[in-house]
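Asker: Before I ask anything, let me first share the structure, which is written out below as structure tokens.
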Amino acid sequence: METEIGDDENKEKQTGGTPTSSASQSPIGRRRFLQATGAGTAVALAGCSGGGGDSGPVTLGAAYILSGFASLYGEEAERGIEFAQSRINDNGGIDGREVDVIVRDTEASGDTAIQQIRSLVQEDNVDGLFGLDSSGVAQAVAPQISQLQVPFMITHAATPFVTSPQGEHEDSVGNEYVFRDSNSLAQDVYGAARVAEELDATEWATIGPDYAFGYETWDYFQAYCDGLGVEAEFTAEQFPALATSDYTPFISSILDADPDAVLTPLWGADLTTFIGQAEDAGWFDQIDHTLFSVGMGTDYPSDGSPLPEGEYASTRYDPFVPDSETNNSFREAYYEEYGTLPTYNAEGAYRALYLYKDAIESTGSTEASALVDEFTGMEHSGPVGEYQFSETNQATVASVWGTVTYDDEWESNVLDPVNRYEAGPDVLSEALGDSDLPTGI
Numbered sequence: 017m018e019t020e021i022g023d024d025e026n027k028e029k030q031t032g033g034t035p036t037s038s039a040s041q042s043p044i045g046r047r048r049f050l051q052a053t054g055a056g057t058a059v060a061l062a063g064c065s066g067g068g069g070d071s072g073p074v075t076l077g078a079a080y081i082l083s084g085f086a087s088l089y090g091e092e093a094e095r096g097i098e099f100a101q102s103r104i105n106d107n108g109g110i111d112g113r114e115v116d117v118i119v120r121d122t123e124a125s126g127d128t129a130i131q132q133i134r135s136l137v138q139e140d141n142v143d144g145l146f147g148l149d150s151s152g153v154a155q156a157v158a159p160q161i162s163q164l165q166v167p168f169m170i171t172h173a174a175t176p177f178v179t180s181p182q183g184e185h186e187d188s189v190g191n192e193y194v195f196r197d198s199n200s201l202a203q204d205v206y207g208a209a210r211v212a213e214e215l216d217a218t219e220w221a222t223i224g225p226d227y228a229f230g231y232e233t234w235d236y237f238q239a240y241c242d243g244l245g246v247e248a249e250f251t252a253e254q255f256p257a258l259a260t261s262d263y264t265p266f267i268s269s270i271l272d273a274d275p276d277a278v279l280t281p282l283w284g285a286d287l288t289t290f291i292g293q294a295e296d297a298g299w300f301d302q303i304d305h306t307l308f309s310v311g312m313g314t315d316y317p318s319d320g321s322p323l324p325e326g327e328y329a330s331t332r333y334d335p336f337v338p339d340s341e342t343n344n345s346f347r348e349a350y351y352e353e354y355g356t357l358p359t360y361n362a363e364g365a366y367r368a369l370y371l372y373k374d375a376i377e378s379t380g381s382t383e384a385s386a387l388v389d390e391f392t393g394m395e396h397s398g399p400v401g402e403y404q405f406s407e408t409n410q411a412t413v414a415s416v417w418g419t420v421t422y423d424d425e426w427e428s429n430v431l432d433p434v435n436r437y438e439a440g441p442d443v444l445s446e447a448l449g450d451s452d453l454p455t456g457i
């Protein structure tokens with residue numbers, strides 16, 4: 017089967033996974049997952065079997081934010097979809113069938129996302145689903161996916177609770193049909209705590225969005241710091257509403273607390289607005305270190321802004337790491353096509369199509385049950401590197417953090433130096449210590 021750029025002739029399913037976690041990744045069977053999550057009584061809805069049988073195009077449905085404060089993420093995802101779709105179809109399609117992708121706007125709303133996804137399944141009869149940008153939306157959607165009984169590959173939304181089986185925690189909504197090919201908040205924030213270990217900073221604060229993602233980021237960071245033995249005092253927290261236009265009072269509150277460092281998961285246009293107002297307030301002169309946990313999701317297309325050089329940021333995919341033929345070829349071809357480095361939302365969406373391609377070609381089927389079985393415990397490789405889906409359907413990808421640096425050659429901010437922290441289930445479980453927060457992996 018044709019795989020991704022730089023590996024077109026590979027006819028075998030990729031192997032490997034992250035070395036630190038492969039020993040604990042025994043795939044969980046569908047029946048065991050149903051029993052663990054209580055999803056065994058879900059009833060298939062009329063028209064939900066999906067697909068166009070074994071002839072005609074393979075049809076996939078995608079749901080991203082295409083309007084409003086975070087529309088850049090949807091635009092980047094659409095690029096990744098277009099890039100993968102054209103290459104797959106130009107090289108024989110999926111088992112000789114072209115792939116079509118129907119993209120819908122979630123408007124960053126759980127209700128809208130559910131409506132769009134139900135329409136994709138019940139009216140468009142898609143063979144599979146992927147996407148989602150917001151953690152809150154993902155938590156609303158996941159239980160619906162269990163009812164629709166169609167596989168969903170999350171490519172961006174990071175909450176650990178969508179890959180934490182129902183019953184593990186009061187907020188857990190994971191089930192056998194929901195997978196994630198990008199790293200989760202639990203993996204990403206583990207990297208933030210590892211960065212904190214190396215910094216001369218003891219007083220920490222946060223400013224994050226006023227919904228699940230903002231609160232979960234802060235909760236996990238504190239838990240990891242405690243579990244890793246990081247000397248840290250948590251002094252201030254601010255949670256502005258999404259699409260806030262005036263961050264001045266929130267910025268002033270943090271500056272008055274005078275922490276050594278701040279962790280912020282602000283994203284989309286909110287991040288850009290915050291940075292401009294923070295610079296005006298002297299934030300980066302007063303705060304020694306600011307860690308942007310989703311900063312590089314919006315930075316690449318912005319010609320070196322908005323992130324200030326010298327600060328720390330994470331990314332779910334780095335166009336230069338790993339230094340592999342697959343990643344280098346993908347980066348070069350993407351840059352030639354679009355004139356910008358690929359963001360993690362583009363790469364995650366791109367890879368979702370190849371995951372479906374590999375699963376369909378391996379099973380010879382677009383039936384939901386066959387695809388779910390194939391995705392469960394699946395080993396795969398792409399620009400992000402080699403990984404395996406864990407028992408909870410979370411990809412065992414690394415946590416990537418680095419220092420923001422402007423690169424003249426690429427006319428973009430990049431992370432240099434950059435560190436990859438292996439973030440498999442055993443690593444995260446040990447680092448969470450006595451916390452009751454789930455790893456989601």
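Read in my numbering, the sequence shown has 270 at position 254, and its numbers run on one by one without any break.
Think of the CB as a built atom: it goes at the ideal place given N, C-alpha and C, for glycine as much as any other residue.
Keep in mind that this is a model prediction, so the values were computed, not measured.
1. Would you call T264 buried or exposed, if buried means 16 or more other Cβ atoms sit within 10 Å of its Cβ?
2. Can you give me the C-alpha to C-alpha distance between V400 and L369, rounded to a whole angstrom?
3. For V74 versus D143, is the C-beta spacing smaller than 8 Å?
4. Just the C-alpha distance for V420 and D334, rounded to the nearest angstrom, thanks.
5. Does E427 pass the burial test, meaning 16 or more other C-beta atoms within 10 Å, or should it be called exposed?
6. If you count every other CB in all the chains shown that lies within 10 Å of the CB of Q302, and 16 or more means buried, which is it?
7. In whole angstroms, what is the alpha-carbon distance linking R347 and R367?
8. Under the assumption that A124 contacts I81 (Cβ atoms under 8 Å), give the Cβ distance between them as a whole number of angstroms.
9. Can the beta-carbon of V117 be found closer than 8 Å to that of Q101?
10. Could you tell me which of S378, P322, E383, D374 sits nearest to Q293, measuring between CA atoms?
11. Hey, how far is the Cα of A58 from the Cα of Q131?
12. If W299 sits next to L279, beta carbons under 8 Å apart, how far is it from one beta carbon to the other, in whole angstroms?
13. For Q302, which of helix, strand or coil comes out of DSSP?
14. Would you grab the beta carbon distance between L215 and A277 for me? Rounded to a whole angstrom, and I think it's under 8 Å.
15. Looking only at C-alpha atoms, which of Q238, W283, V246 sits nearest to T260?
16. Could you pull out every residue in the same chain whose Cβ sits closer than 7 Å to the Cβ of Q238, ignoring the five residues on either side in sequence?
17. Can you have a look at G355 and say buried or exposed, based on whether 16 or more other CB atoms are within 10 angstroms of its CB?
18. Return the chain-ordered list of same chain residues with a C-beta closer than 7 Å to the C-beta of P159, the five sequence neighbours on each side being excluded.
19. Taking only the alpha-carbon atoms, compute the straight-line gap between P358 and A349 and give it to the nearest angstrom.
20. Could you tell me if D274 is buried or exposed, where buried requires 16 or more neighbouring beta carbons within 10 angstroms of its beta carbon?
21. Please decide whether Y360 counts as near chain B, where near means a Cβ-Cβ distance under 8 Å.
22. So, at 8 Å on beta carbons, what are the nonlocal neighbours of L145 in its own chain, with the 5 sequence-adjacent residues on each side left out?
23. Straight-line CA distance for K29 to D111?
24. Shortest alpha-carbon distance to C241 belongs to which of E446, G440, A93?
25. Could you name the residues of the same chain whose beta carbon sits closer than 7 Å to that of F85, not counting the 5 residues immediately before and after it, in chain order?
26. Which ranges does the alpha helix (DSSP H) cover as unbroken runs of at least 4 residues, wholly within the region 96-159, from first to last along the chain?
27. Which residue marks the beginning of the beta strand (DSSP E) containing Y422, and which one marks its end?
28. So what's M169 in DSSP terms, helix, strand or just coil?
29. Please report the straight-line C-alpha distance between T408 and Q182, rounded to a whole angstrom.
30. Taking the continuous beta strand (DSSP E) assigned at V278, which residues delimit it?
31. Could you give the residue range of the beta strand (DSSP E) that holds P433?
Answerer: So, from the listed chains and residues:
1. Exposed is the call here.
2. V400 and L369 have their C-alpha atoms roughly 14 Å apart.
3. Cβ distance < 8 Å, so V74 and D143 count as in contact.
4. 12 Å
5. exposed
6. exposed
7. 13 Å
8. 5 Å
9. yes
10. Residue P322 is the option with its Cα nearest to Q293.
11. Here A58 scores only 31 on pLDDT, less than 50, and its place in the model is too uncertain to base an answer on.
12. Incorrect: roughly 14 Å between the Cβ atoms, too far for contact.
13. helix
14. 6 Å
15. Nearest C-alpha to T260: W283.
16. Taking Q238 as the centre and dropping the five residues before and after it, the same chain places the C-beta of F250 closer than 7 Å to its C-beta, in chain order.
17. exposed
18. V189
19. 10 Å
20. exposed
21. In the displayed structure, chain B is absent; only one protein chain is listed.
22. L76, G77, A78, A79, I133, L136, V137, I161, V166, P167, F168, M169
23. Confidence at K29 is low in this model, with a pLDDT of 32, below 50, so the placement of that residue is unreliable and no value is reported for it.
24. E446
25. L258, A259, G284, A285, D286
26. 126-138
27. Unbroken beta strand (DSSP E) run through Y422: 415-423.
28. M169: strand per DSSP, three-state reduction.
29. The straight-line gap from Cα to Cα measures roughly 11 Å.
30. 277-280
31. For P433, the enclosing beta strand (DSSP E) starts and ends at 428-437.
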